[in-house]
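Chemist: I have a structure I would like to understand better, so I am pasting it below and will then ask my questions one at a time.
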Amino acid sequence: MPRLSYRKALNRALADELARDEEVFLLGEDIRVAASNVTAGLLKRFGPERVRDTPLSEQAFTSFATGAALAGARPVVEFQIPSLLFLVFEQIVNHAHKFPLMTGGQCAVPVTYLVPGSGSRTGWAGQHSDHPYSLFAHVGVTTVVPATPADAYGLLVSAIRCDDPVVVFAPAGAMEVRADVDVASLQPVPLGRGVVRRPGDDVTVVAVGHLVHDALAVADDLADQVSVEVFDPRTLYPFDWDGLLASVSRTGRLVVVDDSNRSCGIAGEVIATVVERVRLDAPPRRVTRPDGAVLPFAPALDRAVQPGREHLRSAIQHVMKDG
Amino acid sequence: MTDPVRLYRTVRLIRRFEERAIELVRSGHVVGGIHPYLGQEGVAAGVCAALRPGDVVAGTHRGHGHVLAKGADPARMMAELCGRATGLNRGRGGSMHAADFAVGVLGANAIVGAGGAIVTGAVWARRRRGEDLVGVSFLGDGAVNEGMLLEAFNLAALWQVPVLFVCENNGYATTMPVAGAVAGSITGRAEAFGIPASVVDGQDPEAVRAATAAAVARMRAAGGPEFLEARTYRFDAHHTFEHAVRLDYRPPEEVARGRSRDPVDIAGSRLPPDRRAEVDASVEAELDAAVAFALAGPEPDPAGALEHLYASGLTARAGGG
Ligand SMILES: Cc1ncc(C[n+]2csc(CCOP(=O)(O)OP(=O)(O)O)c2C)c(N)n1
Numbered sequence: 005m006p007r008l009s010y011r012k013a014l015n016r017a018l019a020d021e022l023a024r025d026e027e028v029f030l031l032g033e034d035i036r037v038a039a040s041n042v043t044a045g046l047l048k049r050f051g052p053e054r055v056r057d058t059p060l061s062e063q064a065f066t067s068f069a070t071g072a073a074l075a076g077a078r079p080v081v082e083f084q085i086p087s088l089l090f091l092v093f094e095q096i097v098n099h100a101h102k103f104p105l106m107t108g109g110q111c112a113v114p115v116t117y118l119v120p121g122s123g124s125r126t127g128w129a130g131q132h133s134d135h136p137y138s139l140f141a142h143v144g145v146t147t148v149v150p151a152t153p154a155d156a157y158g159l160l161v162s163a164i165r166c167d168d169p170v171v172v173f174a175p176a177g178a179m180e181v182r183a184d185v186d187v188a189s190l191q192p193v194p195l196g197r198g199v200v201r202r203p204g205d206d207v208t209v210v211a212v213g214h215l216v217h218d219a220l221a222v223a224d225d226l227a228d229q230v231s232v233e234v235f236d237p238r239t240l241y242p243f244d245w246d247g248l249l250a251s252v253s254r255t256g257r258l259v260v261v262d263d264s265n266r267s268c269g270i271a272g273e274v275i276a277t278v279v280e281r282v283r284l285d286a287p288p289r290r291v292t293r294p295d296g297a298v299l300p301f302a303p304a305l306d307r308a309v310q311p312g313r314e315h316l317r318s319a320i321q322h323v324m325k326d327g
Numbered sequence: 221m222t223d224p225v226r227l228y229r230t231v232r233l234i235r236r237f238e239e240r241a242i243e244l245v246r247s248g249h250v251v252g253g254i255h256p257y258l259g260q261e262g263v264a265a266g267v268c269a270a271l272r273p274g275d276v277v278a279g280t281h282r283g284h285g286h287v288l289a290k291g292a293d294p295a296r297m298m299a300e301l302c303g304r305a306t307g308l309n310r311g312r313g314g315s316m317h318a319a320d321f322a323v324g325v326l327g328a329n330a331i332v333g334a335g336g337a338i339v340t341g342a343v344w345a346r347r348r349r350g351e352d353l354v355g356v357s358f359l360g361d362g363a364v365n366e367g368m369l370l371e372a373f374n375l376a377a378l379w380q381v382p383v384l385f386v387c388e389n390n391g392y393a394t395t396m397p398v399a400g401a402v403a404g405s406i407t408g409r410a411e412a413f414g415i416p417a418s419v420v421d422g423q424d425p426e427a428v429r430a431a432t433a434a435a436v437a438r439m440r441a442a443g444g445p446e447f448l449e450a451r452t453y454r455f456d457a458h459h460t461f462e463h464a465v466r467l468d469y470r471p472p473e474e475v476a477r478g479r480s481r482d483p484v485d486i487a488g489s490r491l492p493p494d495r496r497a498e499v500d501a502s503v504e505a506e507l508d509a510a511v512a513f514a515l516a517g518p519e520p521d522p523a524g525a526l527e528h529l530y531a532s533g534l535t536a537r538a539g540g541g
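Residue numbers (this note's numbering), protein chains in the order written: chain A, 5 to 327; chain B, 221 to 541.
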């Protein structure tokens, strides 16, 4: 079977949607030459009206996309680095997200914000290594973080077809992932539906984005001691609470691993919701970046701030012991 | 094609709408107050008189005049200010978000400088589909210092999108005078992006209409944006909260001078007195009906407070225990 890379899956999703719907168009910095490689080949196939290079004007092109969406288009905005979302948070949250409610349902704003390479790209340091998905989940913007190539394809397609704004975070740590995938079998993946990546009986590990692969590796390592179930939510907002609660109700234990800051992060929300609904056999744990973390430059420091396999392993061992 | 009666009627309608709305603020029916447009009516009326029904506009926090001049129903607009289910936005928007997509109003917008890029994107997308339209972004003198608006100038000029940026220079951003806020000139900002810019007397609705018509004709022919600075004056408070607090930032002589050039009188002087009286009476009747309609409207059901949040039909998780 052909090996499909995560990056190529994103590229294929964009191509398929551009071909399917005339109203889809792409805009972003250096997308004509595909600096991120995600838009490779699309200019040649679809032309400069549909694959539009923008000046360095993140706030204006983000709101330009809002306006285009109000007029019936389906823009996909590519952001070169995740911290640009801080720059356009106002435009997404205060305008794109709020317009349908504030107008009493007179409009829809179907914009997709695509962030290829979110999180640490080792050595890019403080201003290029954030992973701000929890912010969008907090305000209620549909937020997806695919872990696998098939999901990268399927979630991006669904995001583009969704009538609401959707932020698609493609973690840097997942961009090089490859999988044996029959390209003809690629399908839209519904937003808001999680998946059990590995069934288990003793503890549910909720892992976000590229950390799904770490969680699977740790689960394999521990297989002779603990039976770990790995739950990949895929969409952080809306979250698949039913899917997660079904898993935790069986295992009775919970660990969340999430590569964003601890305070007010998605991991805290997952734990809060589970303990509201399920009596656990042991106190839950979360493995995250520290509170208010800024990624330091030196590779060893960068790694020290991110949740790693060792932290996850020890968190799993703790909840097993505590229970 | 100038129609002095229609122009006067719009100016008068906005004036009396605002005065009735202020009464409703005082009586507690409009919660949250409003940013009165009193004194600036000639700008919205003149600009929108030069537009076609299919053209789109984006307003500001001081947005009632823009919405009314573009043709929204005053009764549904008043109902919106009163937070009723019968309002333009079903009671979800209020004064600062009043929108009527059916008449090309993409909404008043409470964030200073926010409309420019939005209307540029909307016009671009519809023209790409072959529709022939132009857009107008209303903005205040305060907005010309917002970075995103300057980014929007660049995109509109670079991509040749026919958007008229109308700066209503009323001399103040809240309490900050233009002289204390704007380095260089207002029109110079547009000219820096190669956008043709002109200045018009905003107190004369006919002058505004003519300047807009000329700019729109150039935009329809050439494609790109234009900029119009309308010199105007805000007769009343920045916001009705000022009626309760005393802010001292405008010399009384200046206010008196500003009020002496009233767009209602300037437009009204172009009509025979009996015609003017007829228009006044019909506006009054329309607003009596609007207020009655607004106050009779049901309040929205609190159970649906987050209805319309998601166009896709997603529903929000409840916040209660
Ligand atoms: C980006 C932003 N900054 C500040 C405010 C608060 N604010 C609301 S209206 C206003 C003044 C705007 O002045 P101007 O653009 O001249 O318009 P005017 O009020 O004179 O019509 C300010 C500062 C805001 N709504 N948005």
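No residue lacks a Cβ here, since even glycine has one placed at the ideal position from N, Cα and C.
(1) Using a Cβ-Cβ cutoff of less than 8 Å, which residues in the same chain neighbour LEU308 of chain B once the five nearest sequence positions on both sides are dropped?
(2) Does the contact criterion of 3 or more C-beta pairs under 8 Å hold for the region 477-497 of chain B versus the region 306-318 of chain A?
(3) Can we count ASN265 of chain A as close to ligand 1, meaning its CB is less than 7 Å from some heavy atom?
(4) By a C-beta neighbour count over all protein chains shown, 10 Å radius and 16 as the cutoff for buried, is LYS12 of chain A buried or exposed?
(5) Could you work out which residues of chain B lie near HIS322 of chain A, taking near to mean beta carbons separated by less than 9 Å?
(6) At 8 Å on the CB atoms, spell out the chain B contacts of MET106 of chain A, in chain order.
(7) Rounded to whole angstroms, what's the CA-CA distance from VAL398 of chain B to THR460 of chain B? Just pull it up for me.
(8) Starting from THR407 of chain B and walking both ways along the alpha helix (DSSP H), at which residues does that stretch end?
(9) Report the residue from A:GLU273, A:GLY312, A:LEU91, A:ARG307 whose alpha carbon sits nearest the alpha carbon of GLU62 of chain A.
(10) At a CB distance below 7 Å, what residues from the region 329-347 of chain B approach chain A? Give them in sequence order.
(11) Quick one, which residues of the region 366-378 of chain B are near chain A if we go by CB-CB under 8 Å, in chain order?
(12) For my contact list, SER231 of chain A and GLY121 of chain A are in at a C-beta cut-off of 8 Å; report their separation, rounded to the angstrom.
(13) Run through chain A and tell me which residues come within less than 8 Å of HIS286 of chain B, C-beta to C-beta.
(14) On the criterion of 16 or more Cβ atoms from any shown chain inside 10 Å, does GLN95 of chain A qualify as buried, or is it exposed?
(15) First and last residue of the beta strand (DSSP E) that includes CYS111 of chain A?
(16) Just mark GLY524 of chain B as buried or exposed, buried being the case when its beta carbon has 16 or more other beta carbons within 10 Å.
(17) Using a Cβ-Cβ cutoff of 8 Å, what residues of the region 499-528 of chain B are near chain A? List them in chain order.
(18) Identify the residues that DSSP records as bridge partners of VAL232 of chain A: which are they?
(19) Should VAL181 of chain A be counted as a contact of ligand 1 given a C-beta to heavy atom distance under 7 Å?
(20) Classify CYS268 of chain A: buried if its beta carbon has 16 or more other beta carbons within 10 angstroms, exposed otherwise.
(21) Any residue with its C-beta under 7 Å from a non-hydrogen atom of ligand 1 counts. Can you list them all in chain order?
(22) Need the endpoints of the beta strand (DSSP E) that ARG289 of chain A sits in, please.
(23) Mind reading off the beta-carbon distance from VAL42 of chain A to GLU82 of chain A? Whole number of angstroms is fine, and I expect it under 8 Å.
(24) Do ARG78 of chain A and VAL148 of chain A count as a contact pair if the criterion is CB distance below 8 Å?
(25) Apart from the five residues just before and just after ALA269 of chain B, which ones in its own chain have a Cβ nearer than 6 Å to its Cβ?
(26) So LEU329 of chain A is in the alpha helix (DSSP H); what residue range does that whole segment cover?
(27) Starting from PHE447 of chain B, follow its DSSP beta bridges and name the residues at the other end.
(28) With a 10 Å radius around its C-beta and 16 neighbouring C-beta atoms as the bar for buried, classify GLU501 of chain B as buried or exposed.
(29) Please list, in chain order, all residues of the same chain as ARG313 of chain A whose beta carbon is under 7 Å from its beta carbon, the five residues on each side excluded.
(30) Starting from PRO79 of chain A, trace the beta strand (DSSP E) both ways and give me its first and last residue.
(31) Would the beta-carbon of TRP379 of chain B fall within 8 Å of that of ALA72 of chain A?
(32) Can you give, in chain order, each stretch of the beta strand (DSSP E) that sits fully within the region 226-276 of chain A and has at least 3 residues?
(33) Measuring straight from C-alpha to C-alpha, what distance separates MET221 of chain B and PRO382 of chain B?
(34) Here's the rule I'm using: 16 or more other beta-carbon atoms within 10 Å means buried, otherwise exposed. How should VAL420 of chain B be labelled?
(35) For PRO169 of chain A, collect the residues of the same chain with a Cβ closer than 6 Å to its Cβ; drop the 5 residues on either side in sequence, then sort them by chain order.
Modeler: Considering the structure as presented:
(1) Indexing the second sequence from 1 puts residue 308 of chain B at position 88. For LEU308 of chain B, where only same-chain residues beyond five positions count, the Cβ hits under 8 Å are VAL287, ALA292, ASP293, ARG296, MET297, ALA299, GLU300, ALA318, ALA319, ASP320.
(2) Fewer than three beta-carbon pairs drawn from the region 477-497 of chain B and the region 306-318 of chain A are found closer than 8 Å, and the two stretches are therefore not classed as touching.
(3) Taking the first residue of the first sequence as 1, we reach residue 265 of chain A at position 261. With a cut-off of 7 Å, the C-beta of ASN265 of chain A is classified as distant from ligand 1, since no heavy atom of the ligand falls inside that distance.
(4) Sequence index remark: in the first sequence, residue 12 of chain A carries index 8 (1-based). Buried, because 16 or more other Cβ atoms sit within 10 Å of the Cβ of LYS12 of chain A.
(5) Counting from one through the first sequence, the residue named residue 322 of chain A turns up at place 318. Under the 9 Å cutoff, chain B gives no residues; its nearest Cβ is about 29 Å from HIS322 of chain A.
(6) Here residue 106 of chain A refers to the residue found at position 102 when the first sequence is read from its first residue. Correct list: ASN309, ARG312, GLY313, HIS317, ALA319, GLY327.
(7) Sequence index remark: in the second sequence, residue 398 of chain B carries index 178 (1-based). Sequence index remark: in the second sequence, residue 460 of chain B carries index 240 (1-based). Approximately 21 Å, taken between the alpha carbons.
(8) Mapped onto the second sequence, residue 407 of chain B falls at position 187. Where THR407 of chain B is concerned, the enclosing alpha helix (DSSP H) stretches over 406-411.
(9) Residue numbering aside, residue 62 of chain A sits at position 58 when the first sequence is read from its first letter. Out of A:GLU273, A:GLY312, A:LEU91, A:ARG307, A:LEU91 has the C-alpha closest to the C-alpha of GLU62 of chain A.
(10) Here the close residues are ILE331, ALA334, ALA337, ILE338, VAL339, THR340, GLY341, ALA342, TRP344, ALA345, ARG346.
(11) For the region 366-378 of chain B, the beta-carbon criterion of a distance under 8 Å to any beta-carbon of chain A is satisfied by GLY367, MET368, GLU371, ALA372, ASN374, LEU375, LEU378.
(12) Counted from its first residue, the first sequence places residue 231 of chain A at position 227. Counted from its first residue, the first sequence places residue 121 of chain A at position 117. Actually they do not touch by this definition, with Cβ atoms about 34 Å apart.
(13) The sequence position of residue 286 of chain B within the second sequence is 66, counting from 1. The premise fails here: HIS286 of chain B is roughly 15 Å from chain A at the closest Cβ pair, so nothing lies under 8 Å.
(14) Numbered from its first residue, the first sequence carries residue 95 of chain A at position 91. Buried, since its Cβ has 16 or more Cβ neighbours within 10 Å.
(15) Here residue 111 of chain A refers to the residue found at position 107 when the first sequence is read from its first residue. Neither: CYS111 of chain A is in no beta strand (DSSP E) and is coded neither H nor E.
(16) Here residue 524 of chain B corresponds to residue number 304 of the second sequence, with the count starting at 1. The residue is exposed, with fewer than 16 neighbouring Cβ atoms inside 10 Å.
(17) For the region 499-528 of chain B, residues whose beta-carbon sits nearer than 8 Å to a beta-carbon of chain A comprise LEU526, GLU527, HIS528.
(18) On the first sequence, position 228 is the one that residue 232 of chain A refers to. Paired residue(s): A:VAL207.
(19) Here the question's residue 181 of chain A lines up with position 177 in the first sequence. Every heavy atom of ligand 1 is 7 Å or more from the Cβ of VAL181 of chain A, so no.
(20) Numbered from 1 along the first sequence, position 264 holds the residue referred to as residue 268 of chain A. The Cβ neighbour count for CYS268 of chain A, taken over all protein chains shown within 10 Å, is under 16; the residue is labelled exposed.
(21) Screening all residues for a C-beta within a distance smaller than 7 Å of any heavy atom in ligand 1 leaves B:HIS255, B:THR280, B:HIS281, B:ARG282, B:ALA330, B:ILE331, B:VAL332, B:GLY333, B:LEU359, B:GLY360, B:ASP361, B:GLY362, B:ALA363, B:GLU366, B:GLU388, B:ASN390, B:TYR392, B:ALA393, B:THR394, B:ARG454, B:HIS458, in chain order.
(22) Walking along the first sequence from the start, residue 289 of chain A turns up at place 285. Its beta strand (DSSP E) spans residues 289-293.
(23) Translated into positions along the first sequence, residue 42 of chain A becomes position 38. Translated into positions along the first sequence, residue 82 of chain A becomes position 78. Their Cβ separation, rounded to whole angstroms, is 7 Å, which keeps VAL42 of chain A and GLU82 of chain A in contact under 8 Å.
(24) Taking the first sequence and counting its residues from 1, the one referred to as residue 148 of chain A is at position 144. Taking the first sequence and counting its residues from 1, the one referred to as residue 78 of chain A is at position 74. Their beta carbons are not under 8 Å apart, which means VAL148 of chain A does not touch ARG78 of chain A by this criterion.
(25) Locating residue 269 of chain B in the second sequence gives position 49, counting from the first residue. Result list for ALA269 of chain B: LEU227, ARG429, in chain order.
(26) Nothing in the structure corresponds to residue 329 of chain A, since chain A is present only between 5 and 327.
(27) Position 227 of the second sequence, counting from 1, holds the residue named residue 447 of chain B. DSSP, once it has assigned bridges, lists B:PHE385, B:ALA417 as partnering PHE447 of chain B.
(28) Taking the first residue of the second sequence as position 1, residue 501 of chain B is located at position 281. Per the sequence shown, residue 501 of chain B should be read as Ala rather than Glu. Its Cβ having fewer than 16 others within 10 Å, ALA501 of chain B is exposed.
(29) Counting from one through the first sequence, the residue named residue 313 of chain A turns up at place 309. Counting only Cβ-Cβ distances below 7 Å, and skipping sequence neighbours, we find ASP218, ALA221, VAL222.
(30) If you number the first sequence from 1, residue 79 of chain A lands on position 75. Start and end: 78-82.
(31) Numbered from its first residue, the second sequence carries residue 379 of chain B at position 159. Numbered from its first residue, the first sequence carries residue 72 of chain A at position 68. For TRP379 of chain B and ALA72 of chain A, no; Cβs fall outside 8 Å.
(32) Uninterrupted beta strand (DSSP E) stretches at least 3 residues long and entirely within the region 226-276 of chain A occur at 232-236, 239-241, 258-265, given in chain order.
(33) Here residue 221 of chain B is taken as the residue at index 1 of the second sequence, counted from 1. Here residue 382 of chain B is taken as the residue at index 162 of the second sequence, counted from 1. Low confidence applies to MET221 of chain B: its pLDDT is 42, below 50, so where it sits in the model is not reliable, and the reading given next is rough at best. Approximately 21 Å between the Cα atoms of the pair.
(34) Translated into the one-based positions of the second sequence, residue 420 of chain B becomes position 200. Around the beta carbon of VAL420 of chain B, a 10 Å sphere encloses 16 or more other beta carbons of the protein chains shown; the residue is thus reported as buried.
(35) Along the first sequence, one-based indexing puts residue 169 of chain A at 165. Within the same chain, PRO169 of chain A has close Cβ partners ALA100, HIS101, VAL113, VAL115, VAL145.
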